[in-house]
Each structure stands twice: as structure tokens, then as C-alpha cells.
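So the structure is just underneath, and the comments pick up after that.
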Amino acid sequence: MKAKVLITRLNDGKIHSGQSLAIEFGVSRTAIWKIVRRALKEGFDIHTVRGRGYQLANPVDFLDQKIIAKNVDYSTVYRKQRGVEWLPLTDLF
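One rule links them: number in our numbering = place in the sequence shown (from 1) + 5.
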């Protein structure tokens, strides 16, 4: 299980117990604890409420490749090469 999955679940701002998260995702409470620790190291602001569970302090808006691709103005793209887009204003050197 990746931290993004857990963060997405905690994104509602509510407190979720380690047990309920473990059941929901089919992993152990220890696995949830390890994922929370990893997410904290990655900079996510997760509060641990003793005896109650975990709460994401601030909502997170993940980038979504499909949404980005849908909204990109490709008329500004200078060229594509091997999957990398070269933009005229950023690729000056």
C-alpha cells in the first residue's frame, strides 16, 4: 500500500482509527503505522490522536496526469522528443 492511498483516505479531515484503516485496506495496523511514519517523513501533516487514530491536518490536492493532460494548451508546446516536452520559455540553454 502506498502513502498516497492512505493520504487520499485521510483527506476528509476526519479522525480515522488505525484499526478501521487496516480493515478497509486489508493490511495490519502496524502496516498503517509504518505508512503514516513514511508519509510524515515525506512532509504530510498527519496528527496522531492517541486512542482515536490519525487525522490529516491540511487537505492535499494531488496532481492528476489525466486532468493535467486534458487542460494543457498544446499550442504552447515547442516540440516533443522522447516523451519530454520542450517549452520555449524554459529550455533556453
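Cβ atoms here follow ideal geometry from the backbone N, Cα and C, with glycine treated the same way.
{"Asked": "If you reduce the DSSP assignment to three classes, tell me which class Leu61 lands in.", "Found": "strand"}
{"Asked": "With a 10 Å radius around its C-beta and 16 neighbouring C-beta atoms as the bar for buried, classify Ala62 as buried or exposed.", "Found": "exposed"}
{"Asked": "For Ile28 versus Ala8, is the C-beta spacing smaller than 9 Å?", "Found": "no"}
{"Asked": "In three-state DSSP terms, what is Ile72?", "Found": "helix"}
{"Asked": "Quick check on this structure: which residue in Ile72, Asp66, Phe67 and Tyr59 has the alpha carbon closest to the alpha carbon of Lys19?", "Found": "Tyr59"}
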